[in-house]
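Accompanying notes for the structure given below.
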Amino acid sequence: MSFQKNVKASPLRDNTRHITTHDPTTGKAIVHSSTSGNWSSFDDGKLGFNVIYTTSKFPPDINGDEDIKAHEKVMASDKLGLVNPGGTVCRTVDFAPGYECMMHRTQSLDYGIIIEGSVEMILDSGEVKLMHRGDVAIQRATMHAWRNPSETEWARVIFILQDCEKVEIGGKELGEDLGRGTSGLPPSGNDI
């Protein structure tokens with residue numbers, strides 16, 4: 106899996122993140138910052154990641170903008186895997202036409218919300234579900250892949266990944282499995 110940092114692969118519109126906070130004098134809501142995406146490209150530009158936000162504990166501490174400081178520290182570390190141990194990750198993922206990502210598993214409870222195009226959720230059992238704009242997948246630490254079935258259009262999914270307790274099935278601990286060809290993607294480290 107080839108990896109390029111700060112490269113947006115898809116032609117889909119960039120998304121802007123607007124973070125709110127409170128005016129320390131009035132207590133009224135204000136915009137802390139508005140920033141465009143910071144994309145990374147994988148698999149020769151067929152897969153794009155944009156981390157929108159992370160938290161590093163649950164529940165997060167938003168007093169004094171502690172959560173924003175924690176997010177900035179995580180992003181500066183360059184060590185964020187798919188999951189942030191003890192916290193959450195909100196990520197936009199773009200899939201090229203016909204692209205299928207590697208079969209993988211994260212130790213997390215994930216919400217995958219289709220916002221552009223259609224995506225197939227492929228499970229290691231062989232089961233496949235075609236999902237359309239507005240559909241939501243609840244991934245519960247299962248082995249899965251994603252495929253964009255369109256031959257011409259890009260697809261976009263927003264994923265919210267939440268760290269979870271270790272998963273044990275039939276006496277076997279599952280843990281994270283990033284699958285084939287994942288160089289450039291650090292392990293999450295939450296299954297140690």
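Residue numbers for the sequence shown follow the numbering used here, beginning at 106 and rising by one. No residue lacks a Cβ here, since even glycine has one placed at the ideal position from N, Cα and C.
Test item: CB-CB of residue i and residue j under 8 Å
| i | j | result |
| --- | --- | --- |
| P254 | E225 | yes |
| V194 | F154 | no |
| I220 | V262 | yes |
| F108 | S145 | yes |
| L117 | W259 | yes |
| D119 | G142 | yes |
Residue burial classification, residue i (beta-carbon count within 10 angstroms, cutoff 16)
| i | result |
| --- | --- |
| L235 | exposed |
| G222 | buried |
| N168 | exposed |
| F163 | exposed |
| N111 | exposed |
| H237 | exposed |
| A134 | exposed |
| S115 | buried |
| D166 | exposed |
| A181 | exposed |
| D128 | exposed |
| D172 | buried |
Own chain, CB closer than 8 Å to residue i, minus 5 neighbours either side, in chain order
| i | result |
| --- | --- |
| T247 | R210, L228 and D229 |
| P383 | Look at the range of the chain in this structure, 106 to 297, and you will see that residue 383 is not part of it. |
| T125 | A134, I135, V136 and H137 |
| L290 | M106, F108, F147, G186, L187 and L283 |
Expected contact under 8 Å - CB spacing of residue i and residue j to nearest Å
| i | j | result |
| --- | --- | --- |
| T160 | G192 | 4 Å |
| F200 | L152 | 6 Å |
7 Å Cβ shell around residue i - same chain, five flanking residues per side excluded
| i | result |
| --- | --- |
| V179 | T159, S161, L185 and N189 |
| I157 | R122, C195, R196 and T197 |
| Q244 | D215 and G217 |
| I265 | T193, C195, D215 and Y216 |
Close beta carbons around residue i, own chain, < 6 Å, minus the five adjacent residues each side
| i | result |
| --- | --- |
| N295 | V188, P190, Q212 and D268 |
| Y204 | K151 and N253 |
| A175 | S161 |
>> Please give me, in chain order, every unbroken run of the beta strand (DSSP E) with length at least 3 that falls completely inside the stretch 134 to 176.
In response: 134 to 141, 144 to 147 and 152 to 160
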